[in-house]
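Q: Chains as they are written, first to last, in my numbering: chain A, -6 to 328; chain B, 3 to 516.
Cβ atoms here follow ideal geometry from the backbone N, Cα and C, with glycine treated the same way.
Quick caveat, the model's predicted, so the values are computed rather than measured.
Laid out in structure tokens, this is it:
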């Protein structure tokens, strides 16, 4: 009896030790969990490699990146997923991430790859935009960003994200700086009286908009596709600016401390595969990074805006200063 | 021997609080004048923090005083229930209060219509509502006790000599309860200035940023420890000043042992009493009941959507930490108070027992930051991270549980101990057969208070917990941060049930002690 007990114990221990370690992916929470792109990727990855993906999710991609810093040399993360370009500027020179061959990027829309970079692997992108409900608000066509607030009635309320806590918020800050230059301060001063609240993240801001507490919300040009496909609602629309929109690109990074770099590369390959890219539109509500992927018709109905050109070196050097300036200004002008 | 018993308290206080805080000060005061005094935004934040704390504490004391007056002087109908409900609500974690207020006054909430057309619940409205909810029980308890215990004979004499009730209140009653008003104002001010979750969820944007929120951003979002240390130093300096004010306010505040219980401020007619009772109950239901009802109504309906495996895991971790905090806090405080009890003359021991109350005057983020900069390897190691959470929470629990333990020791008669000693019982036998049985109820009460506090604590878990570790309160925080209110409400229902059970038992034990 004792013999059988120990034999089964050893067999179990042996099986446990031979079971492959899961691939640990740090990401933000709407990329992991039920009915997400993460769940799809996990199923496919398990079929292809026999290895599971263990998603460790955080409130924002910034928090996921911070966790990697906090864990330092002891980090158990293999891949960082969902980091955007602005956040990436902060870490790109730190030597934390694995360089990948040019063939990894071959299938991607060429403009998505950062010049001379071989660590940040774009997998989706979208254009920032203010959304409005056409049943509650009217918007003049063909306006520029600087004129967005002009002609607003006093009661019109906008909800935006806080650039100190939200990726979208910081991208909007960069957008206004890159596009308006010296007009940056004037724009924010005219926007301030219409700000209902500055939400810590996208979810909070969007909730206020959906519950009709705000007339405009900062989101993506592709967000209305969700309402069209899932709710058959056509009243949520983006405001298009003639002088262009900020393009957000999300990417994946393999940590060079990872003990499973090969698996990490396989994960990236799966992420950029045509079949996974086809899922991006209806899971992420963003454009896939592969140009040839077919999009649902609701996506095709949304015009693709002009892209604002961003000088990433300037953003990397000055972002903190812009943020300080903005914070101080808003503490004085926010109602 | 008694000195050895005080060693655990001494060790945890020095290594877990004093040394980390000193180290944090040293880091924070480096370039202080350049970084803090010349940073206009930080100066604005300091100004806003203490202005909102002032407004919040004035309103908390006002509402607390009014409620205490109605319960203790007017003796409103159902006053004892009102008293219990109000005190129970004040034990709720700030995160639950923020959730309740958002659920009631926030988008789509029961009361959102009342606030439509303004900024809604965000900004001043939310911050003040949240702080008054959390802090009005401090004046309620302190002023309520002062009102109950005061000697009313001078008031009766003045009334019989023809003095008006208003004049009696201003010239006789108010001076008597003044120390309790000052004391509760200082405490409410301190807690409003160091509150995190109320401002984080109900503020919104740079204009509504407090020192505690800036500290949270610097630690958690920007990983800027040097900035965090500077902010923490500013806060610690101000908290220390408030502590001294508090100690001064306590001098001369004493309660009369021989009380005259006939009230002269009771309503003179039945109908006034009825109107007062209705007003009081409606006010409490409106301000306190609605947020809790909104959580329960929303939460119960979606309980079945919760992931039971994740929830059980979070509950187990929460209970594990709570158990650790309960055991550690008793293991530290009990020997110290035992030593103080048996060596009444030792000033050093009394001083040490006073010092263990210090951490409550600092925010949990400041204490947690002190630990993380003094022991930098904590955050990268799971075991050390759990230990840090337990130690940090223990530091905050000790000041809370010292009162029931002290009361227990006051009841425990030294004569029994001497009798057992004369019968030949050694130290351990006396502890097991004499001291322990008489302290049992106080020990259970203290352990329950410690566990209740730990279950609701988020800041330390947020700062130290390893990536995939969840506690119930952290899960609620994360669901709220992601605006998954239904999920947050459902988890809060579970946490509320556990906490109401715990504090219900605490209430029963306290009643028995009285």
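In whole angstroms, what is the alpha-carbon distance linking residue 397 (chain B) and residue 16 (chain B)?
A: To locate residue 397 (chain B), count along the second chain from 1; it is residue 395. To locate residue 16 (chain B), count along the second chain from 1; it is residue 14. Answer to the nearest angstrom: the Cα atoms are 11 Å apart.
Q: Verify whether the separation of the beta carbon atoms of residue 99 (chain B) and residue 132 (chain B) is less than 9 Å.
A: The residue labelled residue 99 (chain B) in the question sits at position 97 within the second chain. The residue labelled residue 132 (chain B) in the question sits at position 130 within the second chain. Against a cut-off of 9 Å, the Cβ pair of residue 132 (chain B) and residue 99 (chain B) comes out as a contact.
Q: Give me the residue from A:60, A:125, A:240 and A:29 with the minimum Cα distance to residue 222 (chain B).
A: Within the second chain, numbered from 1, the residue matching residue 222 (chain B) stands at position 220. Residue A:60 is the option with its Cα nearest to residue 222 (chain B).
Q: Start and end of the alpha helix (DSSP H) containing residue 47 (chain A)?
A: As a first step, residue 47 (chain A) is located in the first chain; it is residue number 54 there, counting from the start. Taken as a continuous stretch (DSSP letters only), residue 47 (chain A) belongs to no alpha helix (DSSP H), being part of the beta strand (DSSP E) at 46 to 51.
Q: From residue 182 (chain B) to residue 462 (chain B), what does the alpha carbon distance come to, in whole angstroms?
A: As a first step, residue 182 (chain B) must be located in the second chain, where it is residue number 180. As a first step, residue 462 (chain B) must be located in the second chain, where it is residue number 460. Rounded to the nearest angstrom, the two C-alpha atoms are 31 Å apart.
Q: Taking residue 323 (chain A) as the reference, give the member of B:208, B:493 and B:55 with the closest Cα.
A: Here residue 323 (chain A) refers to the residue found at position 330 of the first chain. The option with the nearest alpha carbon to residue 323 (chain A) is B:208.
Q: Nearest CA to the CA of residue 222 (chain A): which residue from A:201, A:181 and A:291?
A: Translated into the one-based positions of the first chain, residue 222 (chain A) becomes position 229. Answer by Cα proximity: A:291.
Q: Taking 7 Å as the limit between beta carbons, can you name the residues of its chain near residue 499 (chain B), skipping five residues before and five after?
A: Stepping through the second chain from its first residue, residue 499 (chain B) is reached at position 497. Taken in chain order, the list of residues that qualify is empty.
Q: Chain B beta carbons: is any one of them nearer than 9 Å to that of residue 196 (chain A)?
A: Residue 196 (chain A) sits at position 203 when you count from the first residue of the first chain. Judged by the 9 Å Cβ criterion, residue 196 (chain A) is in contact with chain B.
Q: Taking the beta strand (DSSP E) that residue 192 (chain A) belongs to, which residues open and close that run?
A: Counted from its first residue, the first chain places residue 192 (chain A) at position 199. Residues 188 to 192.
Q: Looking only at C-alpha atoms, which of B:320, B:388, B:477 and B:441 sits nearest to residue 453 (chain B)?
A: Within the second chain, numbered from 1, the residue matching residue 453 (chain B) stands at position 451. That would be B:320, whose Cα lies nearest to the Cα of residue 453 (chain B).
Q: When you compare the CB of residue 408 (chain B) with every CB in chain A, is at least one pair closer than 9 Å?
A: By 1-based counting over the second chain, the position of residue 408 (chain B) is 406. No, residue 408 (chain B) does not count as interfacial toward chain A.
Q: Could you list which residues in chain A have their beta carbon closer than 7 Å to that of residue 208 (chain B), in chain order?
A: Position 206 of the second chain, counted from the first residue, corresponds to residue 208 (chain B). Chain A residues near residue 208 (chain B): 320, 323, 324 and 327.
Q: Can you check whether the C-beta of residue 256 (chain B) is within less than 9 Å of a C-beta belonging to chain A?
A: Along the second chain, read from residue 1 onward, the residue named residue 256 (chain B) stands at position 254. A caution first: residue 256 (chain B) carries a pLDDT of 46, below 50, which makes its placement in the model unreliable, though a value can still be read off. So no, residue 256 (chain B) is outside the interface.
Q: Suppose contacts are defined by Cβ-Cβ distances below 9 Å. Is residue 143 (chain A) in contact with residue 183 (chain A) by that definition?
A: Here residue 143 (chain A) refers to the residue found at position 150 of the first chain. Here residue 183 (chain A) refers to the residue found at position 190 of the first chain. Yes, these two residues count as a Cβ contact at 9 Å.
Q: Less than 6 Å between C-beta atoms, sequence neighbours within five positions excluded: which residues of the same chain meet that for residue 44 (chain B)?
A: The residue labelled residue 44 (chain B) in the question sits at position 42 within the second chain. Excluding positions up to five away in sequence, the list reads 38.
Q: Since residue 361 (chain B) is in the alpha helix (DSSP H), which residue starts that stretch and which ends it?
A: For the purposes of this step, residue 361 (chain B) is taken as residue 359 along the second chain, with counting starting at 1. Premise fails: residue 361 (chain B) is in no alpha helix (DSSP H) and is neither H nor E.
Q: List the residues of chain B that residue 129 (chain A) touches, going by C-beta distances under 9 Å, in chain order.
A: Taking the first chain and counting its residues from 1, the one referred to as residue 129 (chain A) is at position 136. By Cβ distance, chain B contributes nothing, its closest Cβ being about 13 Å from residue 129 (chain A), past 9 Å.
Q: Can you check whether the C-beta of residue 250 (chain A) is within less than 9 Å of a C-beta belonging to chain B?
A: Looking up residue 250 (chain A) in the first chain gives position 257. No, its Cβ sits nowhere closer than 9 Å to a Cβ of chain B.
Q: Which whole-angstrom value describes the C-beta separation of residue 212 (chain A) and residue 485 (chain B), a residue pair presumed to lie in contact below a C-beta threshold of 8 Å?
A: On the first chain, residue 212 (chain A) is found 219 positions in, with the first residue counted as 1. On the second chain, residue 485 (chain B) is found 483 positions in, with the first residue counted as 1. Actually they do not touch by this definition, with Cβ atoms about 14 Å apart.
Q: Can you check which of these residues, A:98, A:89, A:162 and A:64, is closest to residue 122 (chain A) by C-alpha distance?
A: If you number the first chain from 1, residue 122 (chain A) lands on position 129. Ranking A:98, A:89, A:162 and A:64 by Cα distance to residue 122 (chain A) puts A:162 first.
Q: Taking the alpha-carbon of residue 418 (chain B) as reference, which of B:434, B:456 and B:216 has the nearest alpha-carbon?
A: Position 416 of the second chain, counted from the start, is the residue given in the question as residue 418 (chain B). It is B:434 whose Cα lies nearest to the Cα of residue 418 (chain B).
Q: Could you check whether residue 238 (chain A) and residue 301 (chain A) sit closer than 9 Å to each other, using their CB atoms as the reference points?
A: Mapped onto the first chain, residue 301 (chain A) falls at position 308. Mapped onto the first chain, residue 238 (chain A) falls at position 245. Contact: yes.
Q: For chain A, check one thing: does any of its Cβ atoms lie closer than 9 Å to the Cβ of residue 219 (chain B)?
A: Taking the first residue of the second chain as 1, we reach residue 219 (chain B) at position 217. With 9 Å as the cut-off, residue 219 (chain B) counts as an interface residue toward chain A.
Q: Tell me the rounded alpha-carbon separation between residue 340 (chain B) and residue 411 (chain B).
A: Walking along the second chain from the start, residue 340 (chain B) turns up at place 338. Walking along the second chain from the start, residue 411 (chain B) turns up at place 409. Whole-angstrom Cα-Cα distance: 8 Å.
Q: Excluding the five sequence neighbours on either side, which residues of its own chain have a C-beta within less than 8 Å of the C-beta of residue 384 (chain B), listed in chain order?
A: Walking along the second chain from the start, residue 384 (chain B) turns up at place 382. Excluding sequence neighbours, residue 384 (chain B) sits near 468 and 471.
Q: Suppose only complete runs of 4+ residues qualify. What are the alpha helix (DSSP H) ranges in the segment 193 to 280 of chain B, listed by chain order?
A: Correct list: 199 to 204, 213 to 218 and 227 to 252.
Q: What does residue 79 (chain B) touch in chain A if you count any residue whose Cβ is under 8 Å from its own?
A: As a working note, residue 79 (chain B) is residue 77 in the second chain. Result: empty, since nearest Cβ-Cβ is about 38 Å, beyond 8 Å.
Q: Is it a yes or a no for the segment 225 to 233 of chain A touching the segment 102 to 111 of chain A, going by three-plus beta-carbon pairs under 8 Å?
A: The answer is no - the segment 102 to 111 of chain A does not touch the segment 225 to 233 of chain A, with fewer than three Cβ pairs under 8 Å.
Q: Quick check: is the beta carbon of residue 56 (chain A) nearer than 9 Å to any beta carbon in chain B?
A: Translated into the one-based positions of the first chain, residue 56 (chain A) becomes position 63. With 9 Å as the cut-off, residue 56 (chain A) counts as an interface residue toward chain B.
Q: So residue 58 (chain A) and residue 80 (chain A) are supposed to be a Cβ contact under 8 Å. How far apart are they, rounded?
A: Stepping through the first chain from its first residue, residue 58 (chain A) is reached at position 65. Stepping through the first chain from its first residue, residue 80 (chain A) is reached at position 87. At roughly 6 Å, the Cβ-Cβ gap stays under 8 Å, so residue 58 (chain A) and residue 80 (chain A) are in contact.
Q: So which of A:316, A:318 and A:246 has the shortest CA-CA distance to residue 54 (chain A)?
A: For the purposes of this step, residue 54 (chain A) is taken as residue 61 along the first chain, with counting starting at 1. Nearest of A:316, A:318 and A:246 to residue 54 (chain A), Cα basis: A:246.
Q: Check each candidate in A:249, A:32 and A:220 and name the one with the smallest Cα separation from residue 269 (chain A).
A: Start at 1 with the first residue of the first chain, and residue 269 (chain A) comes out as number 276. Ranking the options by Cα distance to residue 269 (chain A), first place goes to A:32.
Q: With DSSP as the reference, label residue 230 (chain A) as helix, strand or coil.
A: Residue 230 (chain A) sits at position 237 when you count from the first residue of the first chain. Residue 230 (chain A): strand per DSSP, three-state reduction.
Q: Residue 492 (chain B): which of B:130, B:474 and B:509 sits nearest, CA to CA?
A: Translated into the one-based positions of the second chain, residue 492 (chain B) becomes position 490. It is B:474.
Q: Kindly indicate if chain A contains any beta-carbon less than 9 Å away from that of residue 483 (chain B).
A: The residue you call residue 483 (chain B) lines up with position 481 of the second chain. By this cut-off, residue 483 (chain B) is an interface position.
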